[in-house]
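There are 2 protein chains.
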Amino acid sequence: MILVMKSRSYHHGDLKNALIEAGIGILDDRGLSGLSLRKVAERVGVSHAAPYAHFSDKQELVAAIATHGFRQLHGKLTEAIAAHPRRLRLQLLATVKAYAAFAVENTETFKLMFSSTIEKEKEHEELITVVQEVTDLVNVVVSRCVDRDAINASSPELIGVIIWGQVHGIILLWVENQIPGKLLKTVGLMQLVQIAIEYFLVKKRKRST
Amino acid sequence: MILVMKSRSYHHGDLKNALIEAGIGILDDRGLSGLSLRKVAERVGVSHAAPYAHFSDKQELVAAIATHGFRQLHGKLTEAIAAHPRRLRLQLLATVKAYAAFAVENTETFKLMFSSTIEKEKEHEELITVVQEVTDLVNVVVSRCVDRDAINASSPELIGVIIWGQVHGIILLWVENQIPGKLLKTVGLMQLVQIAIEYFLVKKRKRST
DNA sequence: ACCTGAACACCGTTCAAGT
DNA sequence: ACCTGAACACCGTTCAAGT
Chain A
53 MILVMKSRSY HHGDLKNALI EAGIGILDDR GLSGLSLRKV AERVGVSHAA PYAHFSDKQE
113 LVAAIATHGF RQLHGKLTEA IAAHPRRLRL QLLATVKAYA AFAVENTETF KLMFSSTIEK
173 EKEHEELITV VQEVTDLVNV VVSRCVDRDA INASSPELIG VIIWGQVHGI ILLWVENQIP
233 GKLLKTVGLM QLVQIAIEYF LVKKRKRST
Chain B
53 MILVMKSRSY HHGDLKNALI EAGIGILDDR GLSGLSLRKV AERVGVSHAA PYAHFSDKQE
113 LVAAIATHGF RQLHGKLTEA IAAHPRRLRL QLLATVKAYA AFAVENTETF KLMFSSTIEK
173 EKEHEELITV VQEVTDLVNV VVSRCVDRDA INASSPELIG VIIWGQVHGI ILLWVENQIP
233 GKLLKTVGLM QLVQIAIEYF LVKKRKRST
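From first to last, the protein sequence lines are chains A and B. In this text, residue positions in the first sequence follow the working numbering: the first is 53, and each later residue adds one. In this text, residue positions in the second sequence follow the working numbering: the first is 53, and each later residue adds one.
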């Protein structure tokens, strides 16, 4: 009973999350430059000073949105990994494609997550944690490939950064519309990413069927 | 004589370029979030409305700064290419390293250049042109490698985007401090980029010395 | 042609005050 | 504890007016 009431306490109940949701909404509608604390507050139907009860700063709201995005991304990657527990190459491909799919479906949030809008100086502990978790996820998948000779590399951490960087870079170019349109008519982003990844994959030796 | 006087016409002479320079200065000092038209004007010693005589918009000043950056980058890449006219692998490596070096030396401008701060809607013709020139430069170098069997790829344009994307992504991760610090203590950004590129390079067949 | 000063709408942030 | 309204400093942008 207490739990049920909790979500309708004063004016809005869980204002904090409502603000995050509203922020994402504005982001999708108007882009990063259209995101202001005052508009977020208005969208939720609360005074422009109310957000300061939950976020000490605009930065903190932005960080919270980014955190939310990274958590979603983490979920998608985890799903992709779980879908191919035994086929490492497929698992890597699926992970990377999930990464790309997230960027396609949440373009504005994705941009925010990786734009330097978020000053790292202030702590934002949650954000740092979840970013680390995503990084770890990618590194585990890549490391496993290296261990089982699906990728040849001297250092798993090194190749992890390289592959992540590569995928990330291609997606960013896509997100920023910097990939020639003519090229995109023959290959989609997914294929582009797949082809890129395959440069790192060692051909599987044939076995008897 | 006329030409000499021209640069000291009314108050400041070439206010337009002075504003661009001042903008880059503020960018380096205070970052993108600290860049305001009013501060730029103040830094040049002119009223806050004066910039509107030369830029219709804040966007246009930002685009001009980006354009300036791309021109510099274009110059650096051209130098790198010219330095190794006959050794294709070295040429590619030098090009890519010049790209990375530019990002290291002009971090804030580099971020601006590739941040979506610049709305593509408005024309910014000069910017679009110079971006295309840089893209072409990279593609020429990569294409030449493909033609001479230094890279194996079905499509030069495709591999061009992939390599550009890769280098770009790794540099961006670096710029945003998202590469694990421990890794950076053993390899620098330049080595990272070099190792990454070498995955695409076909080993040169030995010839008789 | 190039620049100024006043004015307007919008923003982030603070703070005393209300329930 | 959670929210409001007034207030302040800072923005981008416009415009009539000055040289």
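Ideal Cβ placement from N, Cα and C applies to all residues, glycine included.
Bridge-paired residues (DSSP) for residue i
i	result
Ile203 (chain A)	A:Leu253
Helix, strand or coil at residue i [DSSP, three-state]
i	result
Arg139 (chain B)	coil
His120 (chain B)	helix
Leu79 (chain A)	helix
Gln230 (chain B)	coil
Val96 (chain B)	helix
Leu113 (chain B)	helix
Asp66 (chain B)	coil
Ile54 (chain B)	Since pLDDT at Ile54 (chain B) reaches only 29, below the 50 mark, its modelled position is unreliable, and the value read off the structure follows with that caveat. Residue state, collapsed to three classes: helix.
Leu71 (chain A)	helix
Ile170 (chain B)	coil
Val213 (chain A)	helix
Ser88 (chain A)	coil
Asn191 (chain A)	helix
Ala101 (chain A)	coil
Ile133 (chain B)	helix
Glu160 (chain A)	helix
Glu175 (chain B)	coil
Val239 (chain B)	coil
His106 (chain A)	coil
Val183 (chain A)	helix
Residue i and residue j closer than 9 Å at C-beta
i	j	result
His106 (chain A)	Leu164 (chain A)	no
Ser206 (chain B)	Ser168 (chain A)	no
Val213 (chain A)	Leu244 (chain B)	yes
Thr220 (chain B)	Tyr151 (chain B)	Reading the sequence as shown, one finds His at residue 220 (chain B) and not Thr. Going by C-beta atoms, His220 (chain B) is nearer than 9 Å to Tyr151 (chain B).
Trp216 (chain B)	Val182 (chain B)	no
Gln218 (chain B)	Gln218 (chain A)	yes
His120 (chain B)	Thr161 (chain B)	yes
Arg95 (chain B)	Gly77 (chain B)	yes
Glu209 (chain A)	Pro208 (chain B)	no
Ile170 (chain B)	Val194 (chain B)	no
Ile247 (chain B)	Val239 (chain B)	yes
Ser122 (chain A)	Glu185 (chain A)	A small fix is needed here, since residue 122 (chain A) is Phe in this sequence, not Ser. Going by C-beta atoms, Phe122 (chain A) is nearer than 9 Å to Glu185 (chain A).
Tyr104 (chain A)	Tyr251 (chain B)	no
Lys110 (chain A)	Ser85 (chain A)	no
Leu241 (chain B)	Ile222 (chain B)	yes
Heavy atom of the ligand ATP within 8 Å of residue i beta-carbon
i	result
Gln246 (chain A)	You won't find the ligand ATP in this model; it holds no ligand whatsoever.
Please list the residues of the stretch 136-169 of chain B that have a C-beta atom closer than 8 Å to any C-beta atom in chain A, keeping them in chain order.
Those would be Lys163, Phe166, Ser167, Ser168, Thr169, in chain order.
With three or more beta-carbon pairs closer than 8 Å as the criterion, would you say the stretch 123-133 of chain A touches the stretch 142-161 of chain A?
Contact check between the stretch 123-133 of chain A and the stretch 142-161 of chain A: three or more CB pairs, one atom from each, fall below 8 Å, which counts as touching.
Which residues, taken in chain order from the stretch 108-119 of chain B, show a beta carbon closer than 9 Å to some beta carbon of chain A?
none
Which residues of the stretch 177-196 of chain B have a Cβ closer than 8 Å to any Cβ of chain A? Give them in chain order.
Val183, Thr187
Pair every Cβ in the stretch 219-239 of chain A with every Cβ in the stretch 155-162 of chain A, then say whether three or more of these pairs are closer than 8 Å.
yes
Going along the stretch 84-95 of chain A in order, which residues come within less than 8 Å of chain B, judged by CB to CB distance?
Sequence-ordered contacts of the stretch 84-95 of chain A with chain B read Leu84, Ser85 [C-beta pairs closer than 8 Å].
Members of the stretch 216-234 of chain B near chain A, C-beta cut-off 9 Å:
Trp216, Gly217, Gln218, Val219, His220, Gly221, Ile222, Ile223, Leu224, Leu225, Trp226, Val227, Glu228, Asn229, Gln230, Ile231, Pro232, Lys234
At a Cβ cut of 8 Å, what residues of the stretch 242-254 of chain A count as close to chain B, listed as they run along the chain?
Leu244, Ile247, Ala248, Tyr251, Phe252
Between the stretch 200-215 of chain A and chain B, which residues of the former have a C-beta closer than 8 Å to a C-beta of the latter?
Glu209, Leu210, Val213, Ile214
Does the stretch 71-81 of chain B come within contact of the stretch 106-116 of chain B, defined as at least 3 CB pairs closer than 8 Å?
yes
Are three or more beta carbon pairs between the stretch 192-208 of chain B and the stretch 136-143 of chain B nearer than 8 Å?
yes
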